[in-house]
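Heads up: the sequence shown at position 68 corresponds to 68 in full-length UniProt numbering, and the numbers run straight through without jumps. Written below as structure tokens is the structure these notes are about.
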Amino acid sequence: MLTMSQQIPLGTVFDRPFRISSLYGARNIKGYPGASKNHKGIDFPVQVGTPLYAAADGYVEVLRPSNSQKGSGNFVRLQHAHGFESSFSHLSDFTVKTGDYVQKGDLIGYSGNTGFTTGPHLHYEIKFRGKHIDPKPLFSYKPGSDISSLRGTSRVDWDQLFQIYNDNSLISAVIFRP
Numbered sequence: 001m002l003t004m005s006q007q008i009p010l011g012t013v014f015d016r017p018f019r020i021s022s023l024y025g026a027r028n029i030k031g032y033p034g035a036s037k038n039h040k041g042i043d044f045p046v047q048v049g050t051p052l053y054a055a056a057d058g059y060v061e062v063l064r065p066s067n068s069q070k071g072s073g074n075f076v077r078l079q080h081a082h083g084f085e086s087s088f089s090h091l092s093d094f095t096v097k098t099g100d101y102v103q104k105g106d107l108i109g110y111s112g113n114t115g116f117t118t119g120p121h122l123h124y125e126i127k128f129r130g131k132h133i134d135p136k137p138l139f140s141y142k143p144g145s146d147i148s149s150l151r152g153t154s155r156v157d158w159d160q161l162f163q164i165y166n167d168n169s170l171i172s173a174v175i176f177r178p
């Protein structure tokens, strides 16, 4: 059976540390009146071509090339177990295609500067059961740490999630192919 940290997007999506330039939640970007005032993810100012890795096992649910209608540029969304999703925006290139199964640590693409941006960066989001959650606590999780430390993350009933995982009794602990 997969570990909890393989099933849900815990830990980094990079092969080395990078600073966060914009946090989740309310923000005001001076000089960019069209920028989202409710930032639904976290941004990392990384050079174009920085490798990006899956934070958990899952399936490539959406792969969307950049177009003038979407500010996210080249975009990938992964579907993980237990209702989690992770998404990557502004990529320069993809290494996966829609429907691919990926494992934690698999290369999914490279950071870029596509879509509506103020410069090269990765915009990273996590959703739980269709609602955005702050990705920072999950992203900052270190392998081997006590996973129960995530209980403070809003919009996730961690006690219920741990119960499902520990009981091993519900089918939702398995990822189904689309």
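A virtual CB, placed ideally from N, CA and C, is assigned to each residue, including glycine.
As the crow flies, the alpha-carbon of Asp57 is around 31 angstroms from that of Thr118.
Residue Ser89 holds the alpha-carbon nearest to the alpha-carbon of Gly112 among Gly130, Ser89 and Ile133. Per DSSP, Leu138 lies in no beta strand (DSSP E); the unbroken alpha helix (DSSP H) holding it starts and ends at Lys136 to Phe139. For Lys136, the closest alpha carbon among the candidates Asp15, Leu78, Arg19 and Thr3 is that of Arg19. The beta carbons of Leu10 and Leu138 sit closer together than 7 angstroms. Going by beta carbons, Ser66 and Gly109 fall outside the 7 angstroms limit.
When beta bridges are read from the DSSP output, Arg64 appears opposite Phe75. Pro45 and His121 have their C-alpha atoms spaced approximately 4 angstroms apart. Contact annotation: Gly83 and Phe128 have beta-carbon atoms nearer than 7 angstroms.
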